[in-house]
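Participant: The structure under discussion is supplied below as structure tokens; questions concerning it will follow.
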Amino acid sequence: MSTTDMPDLTEEGYGRIVDHGRVQTVWYPDGRVRLRHECRRPYIVLHTAPLLQLDNGHTIVSTDPVTVTPSIMCADCGLHGFLTDGVWKDC
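Residue numbers for the sequence shown follow UniProt numbering, beginning at 1 and rising by one.
Pasting the structure below:
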């Protein structure tokens, strides 16, 4: 399946997307930030963008280049890594 044929569950209404290679940060006008990625689940591969927990866990240290602490994890596929100085690094 090509990425153009892949379902994309990213919530609409974002103001910008910043590419970090394997992942992208998706920024919304109301302050929400999501981490868009190719989510490989049993029987399906899709683009999804879980919401960062900015009120209870994650901190945006810098927006240019993007740095988020602590690490970020997708509960659905297990993607886990750090986004530092605009670069994604898997754990």
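Quick reminder that beta carbons are idealized off the backbone N, C-alpha and C, glycines included. Source: prediction; values computed, not measured.
1) Looking at the unbroken beta strand (DSSP E) that takes in C74, where does it start and where does it end?
2) Below 8 Å on the Cβ atoms is my contact criterion, and I expect T67 with D85 to pass it. Report the Cβ-Cβ distance as a whole number of Å.
3) Alpha carbon to alpha carbon, how far is P60 from T69?
4) Would S71 and C91 qualify as a contact pair, given that the criterion is a beta-carbon distance under 8 Å?
5) If I measure Cβ to Cβ from A75 and keep anything under 8 Å in the same chain, skipping five residues before and after, which residues do I get?
6) Give me, in chain order, the residues of the same chain whose beta-carbon lies closer than 6 Å to that of H37; leave out the 5 immediate sequence neighbours on both sides.
7) Per DSSP, Q24 forms a beta bridge with which residues?
8) Let me make sure I understand the geometry here. Which of P7, L9, G31 and M6 has the alpha-carbon closest to that of G15?
Facilitator: Taking the structure as given:
1) Counting along the chain, C74 falls outside any beta strand (DSSP E), and DSSP gives it neither H nor E.
2) With a beta-carbon spacing of about 6 Å, T67 and D85 fall inside the 8 Å limit used to define contacts.
3) A small correction: the amino acid at residue 60 is Ile; Pro does not occupy that position in the sequence shown. So the alpha carbons of these two residues sit roughly 7 Å apart.
4) S71 places its beta carbon less than 8 Å from that of C91.
5) Answer for A75: P50, listed in chain order.
6) Closer than 6 Å at Cβ, skipping near neighbours: V23 and L79.
7) DSSP lists D19 and R36 as partners of Q24.
8) Here the closest residue by C-alpha is G31.
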